[in-house]
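One structure is given below, encoded as structure tokens.
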Amino acid sequence: MHTVSSICPFCGVGCGMGLRVDNNRIVAVEPVPNHPVSQGKLCAKGWNTAFGVDPEQRITQPLKRQGHNFVPVSWVEALDDIAEQLRDILANDGSQTVGVISCARATNEDNYALQKFARAVLQTHNIDHCARICHSPSVAGLAQTLGSGAMTNSMADVDHADLIVIWGADVTENHAILGGRIIQAKLNGAKLIVVDPRSTRLAKLADLHIPLHLGSNIALANGLLHIIFREGWQASSFLAERVEGLDRLQAHVTAWTPERVQRETGITPELLYRFAQMYAHSPAAMLCYGMGITQFACGTNNVIALSNLVLVCGQIGRAGTGINPLRGQNNVQGACDMGCLPNVYSGYQSVNDEEVRAKFAHAWQVPQSEQQGMTSLAMMHAARDGAMRAMIIAGEDPALTDPDQTEVVNALKKLDLLVVLEMHLTATAQLADYVLPVASFAEKDGTFTNCERRVQRVRKAIEPPNSCLTDWQIAGELARHLGNDGLSWQTSEQVFSEMAALTPIFSGMTYDLLSQNQGLQWPCHDLAPLGTPILHQQTFPLQANGKARVISLESAEPAEMPDAEYPLAFTTQRLHFHYGCGSMTRCAPVLERETPLGLLLMNPSDAQQYGLSQHAPVRVSSRRGQVDTRVEITADLPVGVVSMPYHFNEAPCNRLTNTAQDPITKMPELKACAVRVERRVSP
Ligand code: SF4
């Protein structure tokens, strides 16, 4: 038995992990004692990684649809067929009718290759991934205020913060090792404020819990600013030197009196005042937020509202401060960084910039489209309307995780060609014309980027089962079948080197340097050869004068509020023991034992009103569909709000969720809609 150094494949914390290998099989994992993020710890998901990559539960050879079934075929046959169909579609209907959805679970190299395949082979910017439905508002919102849409500080900064604010995130459930570090910081004397309608584990430990009404984040932030300006607590010299737009914001929030804020948020003026006082006066306050901010139709404005607060109080650019989106998937930061978004190439280089397009056209020797690319949801709508003919979906499961699931399934069924790159036969893979088997993270070299922008090496520990390939190899082979040899890399390091050469914020990174430094945080270049743990220390990259910007905002209710027909507010969440669509964690007996079935979380008072006992069978209905599940009674949810996790394909909560979208990022409003709950007669 030997141990291979790697990184946990689940959440964006990016814990160091040793893979114990025996006879070409991962038989166990172990934590890495000196790892800068995880410090010798793993959470329950991390400890159970081996089950998720077990070849016995995997697809291990290409599958081709034949009627209602799949038949195994050779790689040559699968790639020949797919290339021929793509060639026909491109020739007849053009490159806007094809699209690629890449994978926030796959490596940076896989993601770089997939966006290059879209842009250089299919010649379209129709490339997107699941950041669209988690943190695209972070990328867009922080880009408007700071000039860079990522965590400004490092996770280790919780050790240096005097105050930690967790806003719309359940950290101990979803980013457990960071959650533990926050609890330790609290035990060491840091103050903790949690803003969440739910009474999360951290909310129960917090100095202040702010249980605002679902979706009233902008009103709360405006109310905090009202008090801060009224009391003269703003960071005046910082603002004068480094921020624009202050006068308008200050005038705007005069209307946001504590009484008005109480009407919109349910938070009393006294609690609001204490929050404002603690945040404005803290020597170092670190604000972290999650999808309780982003997954709204006003998600981008929610992010801007938090950014306003951080800037007005000058809580940025120093250790223990900053605005820090907690990214969900192990490499969702990396998939964004690699340019798997319709509007940017790697390193957030705009596709609308002629010079940038010319640079990539020259490097790839292929003209670059000037036509706007589509988001993943726009691609689904185009598929539904017959305007999208072929899609390649790598490792994502939109049939389970996108909103309004029935519509998504109908859209995917309408495609002439659906190719899915997967390890397991997920709900989306079951709809495919071809399923191509991919190597797991333990079967390939590459890099993941965690949510603090740390690019870390993962290493091949075992051979992939049967004929599984990496996503970048599949992209390269398919490109070759379509007559483009520009993706014919021999190693993942070659992919990374090409990306780094074309991407200024990664230009100082090599595999050797990443290995020597336990990862490096971007930007990493000549001026910052060992990376950048804290962004914006002197200037903001937003504009030439180096200043950030605050922006005045009006609040907005969720698009669908409870009414007589659908009287309960509905939200979605994650659970500690499962991950994403559950395709990996539900293979682990220990994790499956802890939470084996889907559930609807409901306050005891609501349960009593509906005559429901613990685990009673219920039907949950919204305007878009219905789901049968069972009740889990918990006082952690407020009265009038119910919640479902999205890991369970037998209780797919996204049949219920709303497709109302953030106008800027097209983020659907996954965190709020209205439902009705009825008792079912039989389980
Ligand atoms: Fe893996 Fe996240 Fe758990 Fe760390 S906290 S072990 S990265 S799932």
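Take the sequence shown: its position 47, counted from the start at 1, is 47 in the working numbering, and no numbers get skipped. Ideal Cβ placement from N, Cα and C applies to all residues, glycine included. Please read all numbers here as calculations on a predicted model, not as lab measurements.
Local Cβ density within 10 Å of residue i, reported as buried at 16 or more and exposed below that
i: residue 456; result: buried
i: residue 189; result: exposed
i: residue 516; result: exposed
i: residue 467; result: exposed
i: residue 97; result: buried
i: residue 671; result: buried
i: residue 683; result: Model confidence at residue 683 stands at a pLDDT of 49, short of 50, so the residue's coordinates are unreliable and nothing is read from them.
i: residue 121; result: buried
i: residue 14; result: buried
i: residue 379; result: buried
i: residue 443; result: buried
i: residue 27; result: exposed
i: residue 40; result: exposed
i: residue 358; result: exposed
i: residue 590; result: exposed
i: residue 694; result: Examination of residue 694 is not possible in this model, given that the chain is present from 1 through 683 alone.
i: residue 66; result: exposed
i: residue 533; result: buried
i: residue 492; result: buried
i: residue 608; result: exposed
i: residue 1; result: exposed
i: residue 601; result: buried
i: residue 454; result: buried
Check: residue i C-beta below 7 Å from any heavy atom of the ligand SF4
i: residue 13; result: yes
i: residue 10; result: yes
i: residue 587; result: no
i: residue 38; result: yes
i: residue 334; result: no
i: residue 43; result: yes
i: residue 46; result: yes
Beta-carbon gap between residue i and residue j smaller than 8 Å
i: residue 540; j: residue 147; result: yes
i: residue 176; j: residue 576; result: yes
i: residue 297; j: residue 559; result: yes
i: residue 684; j: residue 52; result: Only positions 1 to 683 of the chain appear in the structure, and residue 684 is not among them; the question remains open.
i: residue 334; j: residue 658; result: no
i: residue 243; j: residue 287; result: no
i: residue 571; j: residue 579; result: no
i: residue 331; j: residue 106; result: yes
i: residue 640; j: residue 606; result: yes
i: residue 422; j: residue 446; result: no
i: residue 192; j: residue 207; result: yes
i: residue 78; j: residue 436; result: yes
i: residue 450; j: residue 37; result: yes
i: residue 416; j: residue 389; result: yes
i: residue 227; j: residue 289; result: no
i: residue 655; j: residue 626; result: yes
i: residue 145; j: residue 322; result: no
Distance cut-off 7 Å: residue i Cβ against heavy atoms of the ligand NAP
i: residue 175; result: Looking at this structure, you won't find the ligand NAP anywhere; what it does contain is the ligand SF4.
N- and C-terminal bounds of the alpha helix (DSSP H) containing residue i
i: residue 674; result: Premise fails: residue 674 lies in the beta strand (DSSP E), 673 to 679, not in any alpha helix (DSSP H).
i: residue 473; result: 471 to 481
i: residue 497; result: 492 to 502
i: residue 106; result: First-last for residue 106: undefined, no H or E at that position.
i: residue 236; result: 236 to 242
i: residue 604; result: 604 to 609
i: residue 441; result: No alpha helix (DSSP H) contains residue 441, which DSSP labels as neither H nor E.
i: residue 304; result: 299 to 312
i: residue 573; result: No alpha helix (DSSP H) contains residue 573, which is instead part of the beta strand (DSSP E) from 568 to 573.
Span of the beta strand (DSSP E), counted from its first residue to its last, around residue i
i: residue 511; result: No beta strand (DSSP E) contains residue 511, which is instead part of the alpha helix (DSSP H) from 511 to 516.
i: residue 460; result: That residue, residue 460, is in no beta strand (DSSP E); it is neither H nor E in DSSP.
i: residue 707; result: Look at the range of the chain in this structure, 1 to 683, and you will see that residue 707 is not part of it.
i: residue 30; result: 26 to 31
i: residue 19; result: 16 to 21
i: residue 434; result: 434 to 437
i: residue 286; result: 285 to 289
i: residue 422; result: 417 to 422
i: residue 390; result: 390 to 394
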